[in-house]
Structure formats: structure tokens, C-alpha cells
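S.K.: Respectively, the protein sequence lines represent chains A and B.
Start counting the first sequence at 6; every next residue gets the next number (this note's numbering).
Start counting the second sequence at 6; every next residue gets the next number (this note's numbering).
There are 2 protein chains.
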Amino acid sequence: MGITTKFTTAIHTLLVIYFFSDKKRVTSNFIAESVNTNPVVIRRILSQLKKAGLITVLSGKNGSKLSKDPNFITLLDVFKAVESVDNLFNIHENSNPLCPVGKNIHDILDVHLKTTQRCLENSLEEVTLNDLIEEINEKENLL
Amino acid sequence: MGITTKFTTAIHTLLVIYFFSDKKRVTSNFIAESVNTNPVVIRRILSQLKKAGLITVLSGKNGSKLSKDPNFITLLDVFKAVESVDNLFNIHENSNPLCPVGKNIHDILDVHLKTTQRCLENSLEEVTLNDLIEEINEKENLL
DNA sequence: CATATATGTAACTGAACTTGTTACAATAAA
DNA sequence: TTTATTGTAACAAGTTCAGTTACATATATG
Chain A
6 MGITTKFTTA
16 IHTLLVIYFF
26 SDKKRVTSNF
36 IAESVNTNPV
46 VIRRILSQLK
56 KAGLITVLSG
66 KNGSKLSKDP
76 NFITLLDVFK
86 AVESVDNLFN
96 IHENSNPLCP
106 VGKNIHDILD
116 VHLKTTQRCL
126 ENSLEEVTLN
136 DLIEEINEKE
146 NLL
Chain B
6 MGITTKFTTA
16 IHTLLVIYFF
26 SDKKRVTSNF
36 IAESVNTNPV
46 VIRRILSQLK
56 KAGLITVLSG
66 KNGSKLSKDP
76 NFITLLDVFK
86 AVESVDNLFN
96 IHENSNPLCP
106 VGKNIHDILD
116 VHLKTTQRCL
126 ENSLEEVTLN
136 DLIEEINEKE
146 NLL
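1) Can you name the residues that DSSP bridges to residue 69/A?
2) Report all residues from its chain with a CB closer than 6 Å to the CB of residue 34/A; omit the five preceding and five following residues, and keep chain order.
3) In chain order, which alpha helix (DSSP H) runs of at least 4 residues are fully inside the stretch 16-52 of chain A?
4) Name the DSSP bridge partner or partners of residue 107/B?
5) Which chain A residues sit within Cβ distance under 8 Å of residue 20/B?
6) Can residue 94/B and residue 8/A be called in contact, C-beta distance under 8 Å?
7) Kindly indicate which residue of 119/B, 19/B and 142/B has the alpha-carbon position closest to the one of residue 91/B.
8) Using a Cβ-Cβ cut-off of less than 9 Å, list which residues of the stretch 71-87 of chain A approach chain B; keep chain order.
9) Any idea what DSSP makes of residue 9/B, helix, strand or coil?
10) Is there a Cβ of chain B sitting closer than 8 Å to that of residue 61/A, yes or no?
11) Going by the DSSP bridge assignment, what does residue 133/A pair with across the sheet?
12) What does residue 95/A reach in chain B if we use C-beta pairs closer than 7 Å?
13) For residue 109/B, does the count of other Cβ atoms within 10 angstroms reach 16, so buried, or fall short, so exposed?
14) Note down, in chain order, every chain A residue with its Cβ under 9 Å from the Cβ of residue 144/B.
15) Within 8 Å (strictly less), CB to CB, does residue 33/B reach chain A?
16) For the stretch 39-54 of chain B, list every residue whose C-beta sits within 8 Å of some C-beta in chain A, in sequence order.
17) Around the Cβ of residue 102/B, are there at least 16 other Cβ atoms within 10 angstroms (buried) or fewer (exposed)?
18) Three or more beta-carbon pairs under 8 Å between the stretch 62-77 of chain B and the stretch 25-33 of chain B, yes or no?
19) Starting from the beta carbon of residue 121/A, find every residue of chain B whose beta carbon is closer than 7 Å, and list them in chain order.
20) Taking 8 Å as the limit between beta carbons, can you name the residues of its chain near residue 88/A, skipping five residues before and five after?
21) From residue 142/A to residue 79/A, what does the alpha carbon distance come to, in whole angstroms?
22) Are residue 125/A and residue 104/B touching if we call contact CB-CB under 8 Å?
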């Protein structure tokens, strides 16, 4: 139940790329050490972020870089990149067509649950990577 | 990934109880036939709905009944009754405290993701069981 | 009161998914 | 050419979900 760590790890990944890509080569290993996971887990995420056009990754002695201004990367972009959520909610298949409830439940719930999913997406869309960057900077400057 | 069928099956269950409890004994078997699943799956859901005060269920030769006006049962009530979602989102534990991102990611994401979860919950709260009942009646009257 | 019928719950299964891991070919900078 | 890194396949352990069997417990009804 719920949304996996893949999503939040992808956000973490983008933040590490932002904070370090001008100073050093940001490799899957380096990111994995910040997240505290295995580099392959990160590489799988990098692949998807790359496919979504959010970063550039090169094989060999390279590293990853953001391919967009963090002001124009929203949490929804990240969510869509790594979580293949056509439907956040699931409805039981093959309910009984002879029952007025079983017959109509799918159509009726679909409408409402899609609305709810859109609410979730709109909320994620309101937060940009840049918002998170600023919040981290604030926290760090308090030291 | 995503929210299980338990939630939508619970909604289905409440609707069957509403539509039939004045005409016949609504047993777990009867509900299971409408949903097209096993009666035990339904009984587990009935248990949780009962615990949440949404229905009354009696052992023996009884059946289930709503214990509230369907106008006052929202989809959020059902969601909370059957899905134990403290956190819809998950964040990787033990990220590196020596990295500015690893150190702050948890606190920062928590705030935003809780906001998003609240958006989802607010949206579910806007739909009542009665709304669904009316929609089913409309669909049925078209025949 | 006896019987028939349901619930409540434990225990188990198979399938699917999540995360982590090893291994290695392909790639590109130095 | 060397070295470091990505991309991906393959596999494993852990978890969750849905379905199923089984049975003790409970309760309307004859």
C-alpha cells in the first residue's frame, strides 16, 4: 500500500545532482552514498529520469546533470517519470452485471477516483525542485 | 504501487448493503457474488467497516446494515476504515547525514508530501455514499 | 432447545512487487 | 589503452495482496 521509495529517491537524486554537479562528477555511486542504497537502484532511477528528459547521463567517465532549470521541474514531473501510475486506485474486475451495484460500480467510481488522482497530481505540480533547493539552503544557513 | 482493491471493494460492499438490506439478509456470500470474490475477503472488510462504526454485523442468521445515513458516510471514512495509511508516501531511511541533501531530505519532503496526502483526503471527503447511490439510481432508471 | 446458517479468524498458498545484489558488456574521458 | 562508469540482465529475500480451506463461535428460527 502506498507509493514506493522510488519516487522520493528520485527527488533525492535530482537534488544531489543539483548540489554537486558543478563541483564533481556525480556518479550513481556518489548518489547511492547520500541515499544509503545500492548504486544499481540509483542507475535504474537515472535511466527513467533521463528518458523523461529531466537529466543527461553519459556512460563512461561522466556524471549526471540536470537538463532543465530546477524552477521548471515539478514533483509531478518526477512522479510521472518514475512511477507508472495510470490508475492510483484499483477496482475489482468482473463484478456481477446482474446486480445494480456490480453493474455500475466501475463507471461510477472511475469518475470520482480520477478526480481524486488529479487532486494529488495538482498538489505535486505546485512544488518545484527549486522550492526544495531553497529549503535546504535555508536549513544549512542556520548552522 | 497504488491503492489496493480493498478500498473500492469496501465501497462496493457498503452499496450492496444499502440497496439490499431492507429486502433480504445481506451476507458476506451475497456481497461476494456481486463483487466476484471470496466471502472471506468480504468478511475481513466487514470487520473493519464495523470497527469504524459504519455498519452493524451480527453473527448467525443475520446480515449487515448501515449504521449511518449514507449522506454522512464519505469515501474518506471508508478509506480510513480499510486502508491503514499513515503515510501514503515512503522516504528512504538512514540517508547520509554528512550530505546536505541526505541530512535534510526527510524533514523537507515530509511537509510537502503530507500536504499532498491531505489534498487526496479532502477530495475523498467530498464524495458521500449517497452521491454514489444517486448515480446508480440514475443509471438504472435510464433502462 | 435443536438446527441451520453466518460470522470471525487463523493458517496457508500463489502471484506480484520492491529493494538489494552480483555480474558483465558497452561506453567514453583521460 | 587504461580506467571509471553506465546500462541491463538475472537472481534473491522480504513483503504484500488476494484467494482459499477450515473450524470454533454466535444467533435467528422452527
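For each residue, glycine too, the CB sits at the ideal point set by N, CA and C.
M.R.: Well, looking at it:
1) Within the first sequence, the letter at position 64 stands for residue 69/A. 62/A.
2) The residue labelled residue 34/A in the question sits at position 29 within the first sequence. Excluding sequence neighbours, residue 34/A sits near 44.
3) 33-40
4) Here the question's residue 107/B lines up with position 102 in the second sequence. In the DSSP output, where bridge partners are listed per residue, residue 107/B has none listed.
5) For the purposes of this step, residue 20/B is identified with residue 15 of the second sequence, where counting begins at 1. Near residue 20/B (Cβ distances below 8 Å), the residues of chain A are 106 and 110.
6) On the second sequence, residue 94/B is found 89 positions in, with the first residue counted as 1. On the first sequence, residue 8/A is found 3 positions in, with the first residue counted as 1. Yes, Cβ-Cβ distance for residue 94/B and residue 8/A is below 8 Å.
7) By one-based count along the second sequence, residue 91/B stands at place 86. If we check each option's Cα against that of residue 91/B, 119/B comes out closest.
8) 80
9) Here residue 9/B refers to the residue found at position 4 of the second sequence. In the structure shown, residue 9/B sits in coil (DSSP, three-state: anything other than H, G, I, E or B).
10) Taking the first residue of the first sequence as position 1, residue 61/A is located at position 56. Chain B contact via Cβ: absent.
11) In the first sequence, residue 133/A corresponds to position 128, counting from 1. Answer is 79/A, bridged to residue 133/A.
12) Start at 1 with the first residue of the first sequence, and residue 95/A comes out as number 90. Under the 7 Å cutoff, chain B gives 7, 8, 9, 10 and 13.
13) For this step, residue 109/B is matched to residue 104 along the second sequence. It counts as buried.
14) Locating residue 144/B in the second sequence gives position 139, where the first residue counts as 1. Neighbours of residue 144/B on chain A, chain order: 105, 108, 109, 112 and 113.
15) Your numbering for residue 33/B matches position 28 in the second sequence. Judged by the 8 Å Cβ criterion, residue 33/B is not in contact with chain A.
16) 39, 40, 41 and 42
17) Translated into positions along the second sequence, residue 102/B becomes position 97. Residue 102/B comes out exposed.
18) yes
19) Stepping through the first sequence from its first residue, residue 121/A is reached at position 116. What residue 121/A touches in chain B: 125, 128 and 129.
20) Within the first sequence, residue 88/A is the residue found at index 83, counting from 1. Excluding sequence neighbours, residue 88/A sits near 8, 9, 11 and 12.
21) For the purposes of this step, residue 142/A is taken as the residue at position 137 of the first sequence. For the purposes of this step, residue 79/A is taken as the residue at position 74 of the first sequence. Computed Cα separation, rounded: 18 Å.
22) Position 120 of the first sequence, counted from the first residue, corresponds to residue 125/A. Position 99 of the second sequence, counted from the first residue, corresponds to residue 104/B. Contact: no.
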